[in-house]
Amino acid sequence: MAILKVKPWGKGQGDHVLIDEADFDPKFHKKFGAPKKAAKKKATKK
């Protein structure tokens, strides 16, 4: 089973928490060190 590093959701959990991949809920958890979504560039007209 894979282990994921996620951001803590409570006090006293340190800077990250390890959870089983099967327990990951994207509505609740945020992956630790995940790249931030880049802003979409507007298309330029030529």
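All you need for my numbering is the position in the sequence shown, starting with 1, plus 96.
Backbone N, C-alpha and C define an ideal beta-carbon position, used for all residues, glycine too.
Through-space distance from residue j to residue i, alpha-carbon basis
{"i": "Lys107", "j": "Lys138", "result": "40 Å"}
{"i": "Pro112", "j": "Lys141", "result": "Pro is not the amino acid found at residue 112; the sequence shown has His there. Their backbone Cα atoms lie some 44 Å apart in a straight line."}
{"i": "Pro122", "j": "Lys101", "result": "13 Å"}
{"i": "Phe124", "j": "Gln109", "result": "15 Å"}
{"i": "Ile115", "j": "Trp105", "result": "12 Å"}
Supposed contact pair residue j and residue i - C-beta distance, whole angstroms, cut 8 Å
{"i": "Lys103", "j": "Phe120", "result": "No, Lys103 and Phe120 are not in contact; Cβ-Cβ is about 12 Å, not under 8 Å."}
{"i": "Ala53", "j": "Glu117", "result": "Nothing about residue 53 can be reported from this structure: the residues present for the chain run from 97 to 142 only."}
Enclosing beta strand (DSSP E) for residue i [first to last residue]
{"i": "Asp116", "result": "Val113 to Asp116"}
{"i": "Lys101", "result": "Ile99 to Val102"}
Residue i at chain B interface by Cβ criterion, 8 Å
{"i": "Pro104", "result": "No chain B appears in the structure shown, which is made up of a single protein chain."}
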